[in-house]
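Written below as structure tokens is the structure these notes are about.
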Amino acid sequence: MNTRNFRIAIVRLSALGDIVNTAVTLQIIRKHYPDATIDWYVEEAFAPILNNHPLIHEVISIPLKRIKKTKSLTLLRKTIQSLKSRPPYDQIIDAQGLLKSALVTYFLKGKVHGFDRFSAREKLAARFYDTASSIPYELNVIKRNVLVITEALNLSYDENDILDKEPLFPIQEKPQTLSKTKNIACVIGASWPSKCYPKERFATLCAGLSYPCYLIWGNESERLDAEWIASHVSNALIAPKMSLSELVNFIAHCDLIIGNDTGPTHMAWAMNRASITLFGPTNERMIFPTNINIGIKSLSTVNILKIDRSDFSIRDIDPSTILQKAKELLV
Numbered sequence: 233m234n235t236r237n238f239r240i241a242i243v244r245l246s247a248l249g250d251i252v253n254t255a256v257t258l259q260i261i262r263k264h265y266p267d268a269t270i271d272w273y274v275e276e277a278f279a280p281i282l283n284n285h286p287l288i289h290e291v292i293s294i295p296l297k298r299i300k301k302t303k304s305l306t307l308l309r310k311t312i313q314s315l316k317s318r319p320p321y322d323q324i325i326d327a328q329g330l331l332k333s334a335l336v337t338y339f340l341k342g343k344v345h346g347f348d349r350f351s352a353r354e355k356l357a358a359r360f361y362d363t364a365s366s367i368p369y370e371l372n373v374i375k376r377n378v379l380v381i382t383e384a385l386n387l388s389y390d391e392n393d394i395l396d397k398e399p400l401f402p403i404q405e406k407p408q409t410l411s412k413t414k415n416i417a418c419v420i421g422a423s424w425p426s427k428c429y430p431k432e433r434f435a436t437l438c439a440g441l442s443y444p445c446y447l448i449w450g451n452e453s454e455r456l457d458a459e460w461i462a463s464h465v466s467n468a469l470i471a472p473k474m475s476l477s478e479l480v481n482f483i484a485h486c487d488l489i490i491g492n493d494t495g496p497t498h499m500a501w502a503m504n505r506a507s508i509t510l511f512g513p514t515n516e517r518m519i520f521p522t523n524i525n526i527g528i529k530s531l532s533t534v535n536i537l538k539i540d541r542s543d544f545s546i547r548d549i550d551p552s553t554i555l556q557k558a559k560e561l562l563v
């Protein structure tokens, strides 16, 4: 098949970790469609991580959060008109399975594929698709992303396409902030309090490591926690405030990333760096385990179809358990 003029749209609006975990599909698509045009539709706050990506033709920012916050009908109409004016696609893929992502596909021109009503996070989204994949929601999230996209394009793949991936985002020069020895990044925040390992336990963990531990933070509350940890542990250092692209590059140059189930931690796997992801109310479904990317789960039981945000069992993970794994990965 001549794929030179084949046009593909990926709709994955948010969140950071989900975008990171979907980006592996770009390499798989390019393996089969080396000359195709691939556009990616994303919430504007996360567009910087995809901008200038060598495998993406165009990143289209969608200001959904801004529309919701401002309730601006003018901005809504402008966004819809912009979507309607896009050139037609041979295949549009909703890799998110939410009503908001399905609505984006509705205004684009072309055949739309997504998750069926039993697989999508929001069943109503499936009504907007021409074809759909049946992929259990409980399945590993990275496999779900790969399956919905490869099935839409009728491509074959095996797990080696994921295991043998190149870093998913471009790597720049090593940040001057990092030391000349080995460096560890600790991602101390997350979207829910129950997904956060306590700062006191992060301090204990850092104290047991013999290398600089850079505390990654994303908001004022997390910065204050980072200051508390740094004030108690000499090798714990507060990472600078970074843009998304700077954060990707920072993590790409660290030797180990330890963190909660959140986007910056998932970047380690994306960049082929060693990582330990800590789980309480969620589980290892959220990562693609490898020899250098592991998860440590608390003893609580997780129903992925009905997450219990009041599950604070992550607090019960013993720092010594994490420390042992960290030392193995740093050898």
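Each residue of the sequence shown is one higher than the one before, starting from 233 at the first, in our numbering.
Beta carbons: idealized from backbone N, C-alpha and C, even for Gly.
>> Please return the same chain residues whose Cβ sits closer than 8 Å to the Cβ of residue 486, not counting the five positions on each side in sequence.
In response: 410, 415, 416, 417, 446, 500 and 505
TODO: Mind checking which residues open and close the alpha helix (DSSP H) that includes residue 581?
DONE: With the chain covering only 233 through 563, there is no way to say anything about residue 581.
Bridge-paired residues (DSSP) for residue 290: 271
Which residues share a DSSP beta bridge with residue 345? 325 and 363
Practice item. Determine which residues share a DSSP beta bridge with residue 417 and list them. Key: 446 and 489
query = Which parts of the segment 450 to 485 are runs of the beta strand (DSSP E), unbroken and 3 residues or longer, counting only runs that do not cross its ends?
reply = 468 to 470
Do you know whose CA, among 338, 322, 543 and 531, lies nearest residue 238's CA? 322
Excluding five sequence neighbours on each side, which residues of the same chain lie with their C-beta closer than 6 Å to the C-beta of residue 382?
389
Quick one: is residue 509 buried, meaning 16 or more other Cβ sit within 10 Å of its Cβ, or exposed?
buried
Bridge partners for residue 528 per DSSP, in chain order?
510
Measure how close the beta-carbons of residue 481 and residue 429 come, nearest whole angstrom, since I'm counting them as under 8 Å. Not confirmed; about 24 Å, so no contact.
Worksheet item: By how many angstroms is the C-alpha of residue 338 removed from the C-alpha of residue 366?
Response: 20 Å
Practice item. Please work out which residues of its chain come closer than 6 Å, Cβ to Cβ, to residue 393, disregarding the five sequence neighbours upstream and downstream, and give them in chain order. Key: 260
Original post:
Taking the C-alpha atoms as reference points, what is the distance between residue 379 and residue 526?
Top reply: 22 Å
| task | Please classify residue 563: does DSSP put it in a helix, a strand, or coil? | result | coil
Exercise. Which stretch, first to last residue, makes up the alpha helix (DSSP H) that contains residue 380?
Worked result: 373 to 384
N- and C-terminal bounds of the beta strand (DSSP E) containing residue 239: 239 to 243
Measure the C-alpha to C-alpha separation of residue 598 and residue 426 and round it to an integer number of angstroms.
The question about residue 598 has no answer here: the residues shown for the chain are numbered 233 through 563.
**Report entry** Reduced DSSP secondary structure (H/G/I, E/B, other) of residue 438
**Finding:** helix
- Message: Would residue 291 and residue 400 be called neighbours here (beta carbons separated by less than 8 Å)?
- Response: no
Close-in-space but distant-in-sequence residues of the same chain around residue 376 (CB under 7 Å, 5 per side omitted)
367
Hey, could you find the ends of the alpha helix (DSSP H) residue 539 is sitting in? No alpha helix (DSSP H) contains residue 539, which DSSP labels as neither H nor E.
For the alpha helix (DSSP H) holding residue 251, just list the boundary residues, first then last. 248 to 254
### Query
Going by C-alpha distance, which of 317, 352, 341 and 319 is nearest residue 327?
352
Residue 353 - containing alpha helix (DSSP H), residue span = Here residue 353 belongs to no alpha helix (DSSP H), and DSSP marks it neither H nor E.
Touch check for the segment 331 to 348 and the segment 356 to 365: three-plus C-beta pairs under 8 Å? yes
Check your understanding: Under the rule that 16 or more other beta-carbon atoms within 10 Å means buried, what is residue 246, buried or exposed?
Key -> buried
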